[in-house]
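Residue numbers for the sequence shown follow this note's numbering, so the first one is 130 and each next one is one higher.
See below for the structure under consideration.
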Amino acid sequence: MDKATWRKLALERRDSLSPQVKASLDASIVTWIANLPEGGPRVEPGAAIAAYVPIGSEPGTTAMLEVLREGGFRVLLPKVAAGPPAPLRWAWYDGPESLHEGRFGLLEPSGDSAAPDVLGDAALILVPALSVDRHGVRLGRGAGYYDRSIPEVDTDKLVAVVFDDELVDELPSDDFDVPMGWSLTPGEGFRRLGTS
Ligand SMILES: Nc1nc2c(c(=O)[nH]1)N(C=O)[C@@H](CNc1ccc(C(=O)N[C@@H](CCC(=O)O)C(=O)O)cc1)CN2
Ligand SMILES: Nc1ncnc2c1ncn2[C@@H]1O[C@H](COP(=O)(O)OP(=O)(O)OP(=O)(O)O)[C@@H](O)[C@H]1O
Numbered sequence: 130m131d132k133a134t135w136r137k138l139a140l141e142r143r144d145s146l147s148p149q150v151k152a153s154l155d156a157s158i159v160t161w162i163a164n165l166p167e168g169g170p171r172v173e174p175g176a177a178i179a180a181y182v183p184i185g186s187e188p189g190t191t192a193m194l195e196v197l198r199e200g201g202f203r204v205l206l207p208k209v210a211a212g213p214p215a216p217l218r219w220a221w222y223d224g225p226e227s228l229h230e231g232r233f234g235l236l237e238p239s240g241d242s243a244a245p246d247v248l249g250d251a252a253l254i255l256v257p258a259l260s261v262d263r264h265g266v267r268l269g270r271g272a273g274y275y276d277r278s279i280p281e282v283d284t285d286k287l288v289a290v291v292f293d294d295e296l297v298d299e300l301p302s303d304d305f306d307v308p309m310g311w312s313l314t315p316g317e318g319f320r321r322l323g324t325s
């Protein structure tokens, strides 16, 4: 099965989740994040953590940004620039009222973008994904934004956030795919990838 077919199937499955089931799965994801670093990657108090603003059927809610802030972490969020796919820009999260709609219906911080290399300061990067496999291969939305943004980042800092049935044995991969070191799912929490 090619990436496009995997993507289509994952999106169809996500769209078929009832609002109640989705809300309960999202709440579990928020709890795992609120309990960091328990059971997950090492992060020091006050560290910068890059996250994303979940929209539509994506796993999680903005509550995960709030619990990170309440936990004393500084939160970076991606901003998509105009034009063809390019490395993501990053800005600091400053509360729900500071988010506004950007490209593709995404919610982004309204503040100025930080320096392009600010991602290097992040202790952890929560990466939105449609699926991830046990070797760390991530399936995203297909524009290559994250692959362009994180090539230099340590694998141990990269966490693909997916629903449990989206953690699979093997996905098709390309040379430019940046491997993830962890998955985060509602049922299993943080799990290391790529060790087998
Ligand atoms: N919440 C969230 N934020 C994120 C991502 C994500 O997957 N989720 N990204 C993960 O990379 C980046 C944005 N990547 C995206 C890539 C493609 C499309 C997309 O829907 N493309 C459609 C065109 C839709 C339109 O033109 O309105 C397409 O290509 O068919 C959206 C976002 C950065 N921020
Ligand atoms: N580092 C890179 N530099 C330039 N182009 C890239 C890079 N990484 C990926 N691409 C291009 O991006 C396109 C999409 O890649 P892929 O299907 O892996 O996206 P994805 O990781 O699923 O998407 P996203 O990161 O937006 O969620 C490919 O056509 C590929 O050529």
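Glycine included, every Cβ here is placed at the ideal spot set by N, Cα and C.
Remember, predicted model here, so these are calculated numbers, not experimental data.
Give the C-beta separation of residue i and residue j to the nearest angstrom, bearing in mind that I take them to be a contact with Cβ-Cβ under 8 Å.
i           : j           : result
residue 252 : residue 178 : 6 Å
residue 299 : residue 139 : About 14 Å separates the two Cβ atoms, so there is no contact after all.
residue 208 : residue 224 : That pair is no contact at about 16 Å.
residue 268 : residue 279 : So it is not a contact: roughly 15 Å between Cβ atoms.
residue 222 : residue 238 : 6 Å
Pick out whichever of the options has its Cα sitting closest to the Cα of residue i.
i           : options               : result
residue 314 : 265, 187, 291 and 272 : 291
residue 241 : 205, 270, 131 and 137 : 205
residue 264 : 230, 227, 302 and 245 : 302
residue 186 : 235, 228 and 196      : 235
residue 218 : 193, 226 and 249      : 249
residue 198 : 277, 180 and 297      : 180
residue 307 : 256, 148 and 162      : 256
residue 285 : 316, 320 and 147      : 320
residue 304 : 276, 316 and 293      : 276
residue 148 : 190, 133 and 134      : 190
residue 176 : 143, 157, 167 and 203 : 203
residue 293 : 150, 133, 137 and 131 : 150
residue 233 : 156, 216 and 211      : 211
I'd like to know whether the C-beta atoms of residue i and residue j end up nearer to each other than 8 Å.
i           : j           : result
residue 214 : residue 274 : yes
residue 169 : residue 318 : yes
residue 165 : residue 159 : no
residue 312 : residue 261 : yes
residue 220 : residue 243 : yes
residue 182 : residue 154 : no
residue 254 : residue 282 : yes
residue 152 : residue 196 : no
Given that a residue counts as buried once 16 or more other Cβ atoms are within 10 Å of its Cβ, and exposed if not, what is residue i?
i           : result
residue 310 : buried
residue 174 : exposed
residue 271 : exposed
residue 266 : buried
residue 325 : With a pLDDT of only 49 at residue 325, under 50, the local geometry of the prediction cannot be trusted, and no value is derived from it.
residue 201 : exposed
residue 188 : buried
residue 258 : buried
residue 134 : exposed
Does at least one heavy atom of ligand 4 sit under 7 Å from the Cβ of residue i?
i           : result
residue 209 : Only ligand 1 and ligand 2 can be found as ligands here, which leaves ligand 4 out of the picture.
- Message: Residues around ligand 2, please: the ones whose beta-carbon is closer than 5 Å to some heavy atom of it, in chain order.
- Response: 269, 270, 271, 272, 273, 274, 275, 276, 277 and 305
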